[in-house]
Amino acid sequence: MGMRTDKILYGFQEIKRAFPDAEISNSYRVILIPRFPLPSQFNKPYTSLLIKINSDYQAPDAYVDRELRVYGQKSNHLSEALTEDYMLERGWVKLCIQVSWSPSFSLVDYMLMLMQYFKELRE
Amino acid sequence: MKPFSFKKDLPNQNVKLVVIPSDLMEKAKEALSASELEGIVFFFGKYKDGKLLATDLLIPSEDDYEARTWGHVSIKPEFVVREFPKFEKQGKTQVITMHKHPMDTLSSGDVETHMNVIKYYPHQVSAVYNAGRVFFYQFQDGMKLTPYRLVNLSRFDRQVRAFGIEGQLLISSSTIALIGVGGGNTKIAFDLASMGVGKLLLIDPDKWEGHNRNRVFIPPGLVGRNKAASIKSLIEFNYADVEVEAWPKKAEDVPEDVYKQADVLVVGPDSFTARMFGSRLALRLNKPAVFPAAGIEAIDGKLSAMGGSVQVLIPGQTPCYECITSIDSLDVYRETLDQETKKKLAEKYGLGDMLEIPVAPAIASLNDVIGGIALWEIVKLITGIAPIVEYQVYDALKSQLSQIIIERNQNCPACSPEKPLPEVKTKEEEELLLAVKGEGHEQE
Chain A
1 MGMRTDKILY GFQEIKRAFP DAEISNSYRV ILIPRFPLPS QFNKPYTSLL
51 IKINSDYQAP DAYVDRELRV YGQKSNHLSE ALTEDYMLER GWVKLCIQVS
101 WSPSFSLVDY MLMLMQYFKE LRE
Chain B
124 MKPFSFKKDL PNQNVKLVVI PSDLMEKAKE ALSASELEGI VFFFGKYKDG
174 KLLATDLLIP SEDDYEARTW GHVSIKPEFV VREFPKFEKQ GKTQVITMHK
224 HPMDTLSSGD VETHMNVIKY YPHQVSAVYN AGRVFFYQFQ DGMKLTPYRL
274 VNLSRFDRQV RAFGIEGQLL ISSSTIALIG VGGGNTKIAF DLASMGVGKL
324 LLIDPDKWEG HNRNRVFIPP GLVGRNKAAS IKSLIEFNYA DVEVEAWPKK
374 AEDVPEDVYK QADVLVVGPD SFTARMFGSR LALRLNKPAV FPAAGIEAID
424 GKLSAMGGSV QVLIPGQTPC YECITSIDSL DVYRETLDQE TKKKLAEKYG
474 LGDMLEIPVA PAIASLNDVI GGIALWEIVK LITGIAPIVE YQVYDALKSQ
524 LSQIIIERNQ NCPACSPEKP LPEVKTKEEE ELLLAVKGEG HEQE
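Chains as they are written, first to last, in the working numbering: chain A, 1 to 123; chain B, 124 to 567.
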């Protein structure tokens, strides 16, 4: 088992403590959190959150439910334009979040960034 | 003469550096130069962390030689039996032999003697003195040249009285990497130079600004110049015996081989990400690190809090930086997003200056106290003169210094011992990708 896989699995274990329903794919490339809590500006209290881990442990990508709205409107930051067709077809939209990622970060760091981002998303 | 052949099972020696006071070396050379014939002298001292530290010199008298010609020398056994235990009783259990020799390399006879002596003095090195030059050799699958450093102790008289010659030799042969050369670490750098540290590695991409001069002693002409490069020039001008390397780069962009030279890392920046980098670097390279931190809170010019902390990390023994620090994602945003992105996000979400790194108050006295505490921990790490304190907190408003007991976080993402990975149930990737529309994951 490579160092990268170790890191992903340790990160996944940490995520699972906070979100016991979290699941990981057998490729270790995809993590699903079925009930990720959202702040009040969203039209739903929870979303499914999908984290795709990129090769060489570069910055992950995050996808949420395509039906999410912010203050009742479609958000430019849930970008259908940036989402791959096969993901759109499956009901996902990519989160447009720019982070300066370091491979030394853990997946928990990424989750914290996402939480902060959702908290501050206003349109 | 039959050449000496090494037995295959001999253990290699591990002397990374021989450190000798320059006045002792001068006396040794003088003694060996006094005769046309070969001669020998002995340095005694200690071995610590790969360094062989010579603190005493033993010069045999003419009567102590068993034989002495222009190409051969031997000492009477009774001299060894009489004199060597005197040093051993003082804890100076290591020996360096140095003999005058008509060439720069050891003869077969010298090598044979060396191999016999290391049975009793495992860190012994053999030196030859030829025409003013000195070469030290140790056994590492054959006789290999060993680097040495001469230390002029004259300006350290007051320190030698405190730490002994051995302590000063350890300081003078140490390399300290300072990550960040701001208000706090600059003072530490100047003080380490005064104390005669062997080498400083200064790492900082930033330039001095006028407002730094309230707490750092830098001439006005250095404003606008890189911090690391300018402090290098100031130290080199004032202390020629201190070697300085300046790296005007972000800590993460400096080659790891640079850090490998260091005996101690001093991680100074206020930036969370730089501290995290420093901590992980120390763990990766298995090097001790010191984290000085200072902070002031003031509202409308009225102080509400002022103080700082100094943490010492010894990999495998003490908690690391991340064991006791929680990640503040806002700090990560502030430190990692580029200015353009910050501006865009601030405009779009009406964040104002929330993503900007706030300009913190800073005064010299706080940096002096925290720098002083950190310096003392560095000296303790180098010399072993007293036990280190893992974590101490200074409250400037109460003038109170407290030792805080900290514990390793068993789940620390950086240093927790590797546990066997628990069984993880996995699913087909496609199954997870379909989850958002799947029956089990309906939104509420």
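C-beta atoms are modelled at their ideal positions from N, C-alpha and C, and glycine is treated no differently.
Contact belief for residue i with residue j at Cβ below 8 angstroms, rounded distance in angstroms
i: Gly347(B); j: Lys330(B); result: 6 angstroms
i: Ile527(B); j: Gly290(B); result: Contact doesn't hold; Cβ gap of about 28 angstroms is too wide.
i: Gly430(B); j: Lys310(B); result: The pair is not a contact, with the Cβ atoms about 17 angstroms apart (cut-off 8 angstroms).
i: Ile219(B); j: Ala190(B); result: About 22 angstroms; that fails the 8 angstroms criterion.
i: Val30(A); j: Lys7(A); result: Their Cβ separation, rounded to whole angstroms, is 15 angstroms, which puts Val30(A) and Lys7(A) out of contact at 8 angstroms.
i: Asn135(B); j: Gln263(B); result: 5 angstroms
i: Glu553(B); j: Ile529(B); result: Going by Cβ atoms, the distance from Glu553(B) to Ile529(B) rounds to 46 angstroms, so no, they are not a contact pair.
i: Ser40(A); j: Pro536(B); result: Not confirmed; about 31 angstroms, so no contact.
i: Tyr362(B); j: Ala316(B); result: 5 angstroms
Nearest-angstrom Cα separation, counted from residue j out to residue i
i: Lys209(B); j: Pro442(B); result: 42 angstroms
i: Pro145(A); j: Ile486(B); result: Absent from the model: residue 145(A). The displayed extent of chain A is 1 to 123, so no value can be given.
i: Asp172(B); j: Ile501(B); result: 15 angstroms
i: Asn76(A); j: Ile33(A); result: 22 angstroms
i: Ile437(B); j: Ala412(B); result: 7 angstroms
i: Lys212(B); j: Gly168(B); result: 11 angstroms
i: Leu426(B); j: Glu420(B); result: 6 angstroms
i: Leu9(A); j: Gln440(B); result: 26 angstroms
i: Leu78(A); j: Ala351(B); result: 43 angstroms
i: Asn275(B); j: Glu149(B); result: 11 angstroms
i: Phe258(B); j: Phe202(B); result: 25 angstroms
i: Gly321(B); j: Val492(B); result: 24 angstroms
i: Gly194(B); j: Ile163(B); result: 12 angstroms
i: Leu175(B); j: Lys242(B); result: 17 angstroms
i: His334(B); j: Asn308(B); result: 16 angstroms
i: Asn253(B); j: Ala405(B); result: 42 angstroms
i: Asp314(B); j: Gly306(B); result: 13 angstroms
i: Ala519(B); j: Ala428(B); result: 8 angstroms
i: Pro392(B); j: Tyr86(A); result: 45 angstroms
i: Ser25(A); j: Ala374(B); result: 36 angstroms
i: Val367(B); j: Tyr271(B); result: 18 angstroms
i: Ala385(B); j: Ser156(B); result: 37 angstroms
i: Glu23(A); j: Phe395(B); result: 31 angstroms
i: Val196(B); j: Met238(B); result: 17 angstroms
Neighbourhood of residue i by C-beta distance below 6 angstroms, restricted to the same chain and skipping five residues each side
i: Val240(B); result: Gln247
i: Gln73(A); result: none
i: Val387(B); result: Ile299, Pro411, Ile501, Leu504
i: Cys538(B); result: Leu406, Cys443
i: Leu147(B); result: Leu180
i: Ser432(B); result: Ala416, Val516
i: Val435(B); result: Val413, Glu500, Ile511, Glu513
Burial state of residue i (16 or more Cβ within 10 Å)
i: Asn490(B); result: buried
i: Arg66(A); result: buried
i: Glu84(A); result: exposed
i: Gly563(B); result: A caution first: Gly563(B) carries a pLDDT of 41, below 50, which makes its placement in the model too unreliable to give a value.
i: Ile318(B); result: One detail in the question is off: residue 318(B) reads as Met in this sequence, not Ile. By the 10 Å Cβ count, Met318(B) comes out buried.
i: Ala18(A); result: exposed
i: Met226(B); result: exposed
i: Ser402(B); result: buried
i: Arg398(B); result: buried
i: Ala81(A); result: exposed
i: Lys467(B); result: exposed
i: Met124(B); result: Interpretation of Met124(B) is limited by its pLDDT of 46, a score under 50 that renders its predicted location unreliable; the figure taken from the coordinates is listed afterwards. Under this definition Met124(B) is an exposed residue.
i: His222(B); result: buried
i: Phe360(B); result: exposed
i: Thr506(B); result: buried
i: Ile302(B); result: buried
i: Asp233(B); result: buried
i: Phe340(B); result: exposed
i: Tyr28(A); result: buried
i: Pro371(B); result: buried
Residues near residue i by beta carbon distance below 8 angstroms, same chain, minus five either side
i: Lys383(B); result: Leu408
i: Ile97(A); result: Ala62, His77, Met113, Leu114, Tyr117
i: Val283(B); result: Leu276, Gly290, Gln291
7 angstroms CB neighbourhood of residue i in its chain, flanking five on each side removed
i: Thr47(A); result: Phe36, Leu38, Val64, Asp65, Leu68
i: Pro183(B); result: Ile163, Ile198, Phe202
i: Thr549(B); result: none
i: Asn45(A); result: A small correction: the amino acid at residue 45(A) is Pro; Asn does not occupy that position in the sequence shown. Pro37, Leu38, listed in sequence order.
i: Phe279(B); result: Gln291, Gly319
i: Arg338(B); result: Gly306, Ala485, Ile486, Ala487, Asn490
i: Thr269(B); result: Val138, Val141, Val248, Phe259, Tyr260, Gln261
i: Lys215(B); result: Phe167, Gly168, Lys169, Thr178, Asp179
Is the stretch 314-328 of chain B touching the stretch 346-363 of chain B in the sense that three or more CB pairs, one from each, lie closer than 8 angstroms? yes
Three or more C-beta pairs below 8 angstroms linking the stretch 108-119 of chain A and the stretch 137-148 of chain B: no
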